[in-house]
Amino acid sequence: MSPRLAGAWLAALHFCCGLVVALDPRSPHDEGLLMFGFARSLGEAFFPCLFLQKIKPALALVYMPFARLGLAPYLVAHLAVASAAIALVHATARSLGHARPWLPALVLALSPIYTWSGMVGVSNSDGVACIALFLYLLEARKSLFFAGLVLGLLPWVRYECALFSAAFAPWVLWRQRRLSFLAGLVLWPLLYLGAGALYHHDALWFVHFLPNVSNLDSGNEVWIAEFASHGPKTAIFTLVAVSPAVFFLLLVRPSRLGSLERALGAFAAVFFGLFLVTHMAPRDIGPAFTLGFSSRYAVVPVIGVALLLGRAIEALEAEGEPRLRDTAAAAALLGVGTTLRAFALAPLWGAAATGAVVAAMRGGAKKIALAVVIGFLVLVPIQMRDEVLLAFPVADPTLAPIAAWLEENPIAAGREIYTNHQLLVPYLARTQRGPAARARFLLAVDHHFELVHLSNPANGQRAAVLDAIPRAVFGDVVPPEQLDPAIVPPGTVFVLIDDARTKQILPPETWGQKLQPIHAGQGFRVLVFSG
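Take any residue in the sequence shown, note its place counting from 1, add 1, and you have its number in this note's numbering.
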């Protein structure tokens, strides 16, 4: 296989393997469903939704034509973007003179968070893909205008990626001193923020209506519980889920890095540092950047991690003499792993792998060293598969049993079906199961809260997005104000999954005596409203 084609082959393999998940009707994640609905909502109420920063407008515009075709076309397009980024990383590594440009591409392809996001439609992979495109345009194509354009729109692809734009925009301007880059950089912000100012009649609308409100000050019990669950175990798990390659970064020689790689390394160190602080505290850095809320947010520096790993291996090859820092790196990981062994064994495995790679390189066994690196990248996520699949599920096990029960039981025939399962209505529609036309989603309190607090009531935006976005995401919905025992039809079937939002949607003091349980399945309950 030609070295030039290694990236394309890796991308193609990643895409073909990912299709197994993307085409499974049980596969979409609720966050992936949200991005699908955001893109679809532009066809329902274009300007009100476009100027709602919550929908990630730059990304929604890209996926709008695919989302209008349906959920499956969106998921396939989303996976294709994630896979294409692998080829871009390979091309960038080649342009930077990497001896093994396939290795950084492989690191990205094997990142658990990145691969999962790409397969199930979650937009975190899109932020990374845009960073890959920016680096490719900057280094491989030397196209400063388009590199600036991508960097300028990146915060409206994934809002935590604004940290990347804030770090690299001044760095590239200082290094290149070219007006073409500056012109590309400001084009989208000027057009989008300027047009939004006209729409909102407010020059500071982007400050008054932020892209996110999921912070502790909101008082939302679901978010507070999520923050409170963080600690050393979740912090280590997050680093491994970004890429096990993080454990090899202690072998990096800064003196052997190019200027771009040094900048990426510094960004990765600062970003991971901030993320770990927010995980361990726990608190958010926000409200625009809710680092600490989910492990998905930590994937932003993964391309930097990938490129640095390639350089670390090259440095070991080039230096025949032992280095004290290599021993210190393995010892540091061993110390961290011993201290935190009650939470996770990954640092101990990292210490062993680091020592094995150094020893193999010192002995001239390059193939063995590479085998250890690749094996570590593959085997650590497999070893942690239970935790990985719990945090990043690829198929919802409740969907098929719920659909089967609804089809087989006469009590559900002809009745409206209310559910708090975010994926059930799209699943029934996608599989053309019988109850699809009668199923309605109970819009969660936090969904409604965000749309209300991030939209403008003065110009009609709030009313438009409350109508368009829930319908585009979930299909037929029951908003909180309509969930009243006085207006719910008697005999309505409620299909409820275990969810922290349930008691907010259906307070026990109001609904407890009116919902009669008739079936308890694995992970779901069926109840009938008695009126």
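All C-beta atoms in this analysis are idealised placements derived from N, C-alpha and C, irrespective of residue type, glycine included.
For Ala289, does the three-state DSSP call read helix, strand or coil?
Bear in mind that a pLDDT of 43 at Ala289, under 50, signals an unreliable position, so the model cannot answer this.
Opposing strand residues paired with Arg526 [DSSP bridges]:
Leu497, Ala521
In three-state DSSP terms, what is Ala440?
strand
Candidates Met362, Phe37, Ala85, Leu80: closest to Ala12 by CA position
Ala85
Give the DSSP-derived three-state secondary structure of Ile304 in the structure shown.
helix
With a threshold of 16 other CB atoms inside 10 Å of the CB of Ile383, please say whether the residue is buried or exposed.
exposed
What number of angstroms, rounded off, separates the C-alpha of Lys55 from the C-alpha of His454?
10 angstroms
Count the other CB atoms within 10 Å of the CB of His30; is the residue buried (16 or more) or exposed (fewer)?
buried
Is it true that the CB of Gly266 sits closer than 8 angstroms to the CB of His99?
no
Please return the same chain residues whose Cβ sits closer than 6 angstroms to the Cβ of Ala370, not counting the five positions on each side in sequence.
Val358, Ala361, Met362
By the DSSP assignment, the alpha helix (DSSP H) with Ile383 in it spans what residues?
367-384
By DSSP, does Ile420 sit in helix, in strand, or in coil?
Position check: residue 420 holds Thr in this sequence, whereas Ile was assumed. Of the three classes helix, strand and coil, the one that applies to Thr420 here is strand, per DSSP.
Looking at Arg69: is its Cβ nearer than 8 angstroms to the Cβ of Asp397?
no
What are the start and end residues of each continuous alpha helix (DSSP H) run of 4 or more residues lying completely inside the segment 181-218, in chain order?
206-209
8 angstroms Cβ cutoff met for Tyr115 and Val300:
yes
Classify Val479 as helix, strand or coil using the three-state DSSP reduction.
strand
On the three-pair Cβ rule with 8 angstroms, is the segment 300-309 touching the segment 268-280?
yes
Would Gln523 be called buried (16 or more neighbouring beta carbons within 10 Å of its own) or exposed?
exposed
Rounded Cβ spacing between Cys50 and Leu60 (contact assumed at less than 8 angstroms)
Their Cβ separation, rounded to whole angstroms, is 13 angstroms, which puts Cys50 and Leu60 out of contact at 8 angstroms.
Return the CA-CA distance between Ala445 and Arg326, expressed in angstroms with no decimal places.
52 angstroms
Starting from the Cα of Arg386, find the closest Cα among Val253, Gly513, Ala347, His202 and give me that residue.
Ala347
Under 8 angstroms between C-beta atoms, does Leu484 make it to chain B?
Considering every chain present, this structure includes no chain B. It has just one protein chain.
DSSP three-state call for Asn400: helix, strand or coil?
The sequence given here has Leu at residue 400, not Asn. Leu400: helix per DSSP, three-state reduction.
Looking at the structure shown, is Leu516 part of a helix, part of a strand, or coil, going by DSSP?
strand
What is the residue span of the alpha helix (DSSP H) that His99 lies within?
Where His99 is concerned, there is no enclosing alpha helix (DSSP H), given that its DSSP letter is neither H nor E.
On the CB-based measure, 16 or more other CB atoms within 10 Å of its CB, does Asn410 come out buried or exposed?
exposed
Do you know how far the Cα of Pro113 is from the Cα of Val151?
25 angstroms
So, Arg472 versus Glu45, is the Cβ gap smaller than 8 angstroms?
yes
Enumerate in chain order the residues of its own chain whose CB-to-CB distance from Gly476 is below 6 angstroms, with the five nearest sequence positions on each side excluded.
Val426
How many angstroms separate the CA atom of Leu258 from the CA atom of Ala264?
9 angstroms
Check whether the segment 79-95 touches the segment 132-141, counting contact only when three or more Cβ pairs, one atom from each stretch, lie closer than 8 angstroms.
yes
Short check: CB of Ala604 to CB of Leu252, under 8 angstroms?
Within the shown structure, residues of the chain are numbered from 2 to 532, placing residue 604 beyond reach of any answer.
Buried or exposed: Gly483, going by 16 or more other Cβ atoms within 10 Å of its Cβ?
Looking at the sequence provided, one finds Gln at residue 483 rather than Gly. Exposed is the call here.
Work out the CA separation of Met120 and Gly19 for me, nearest whole Å.
5 angstroms
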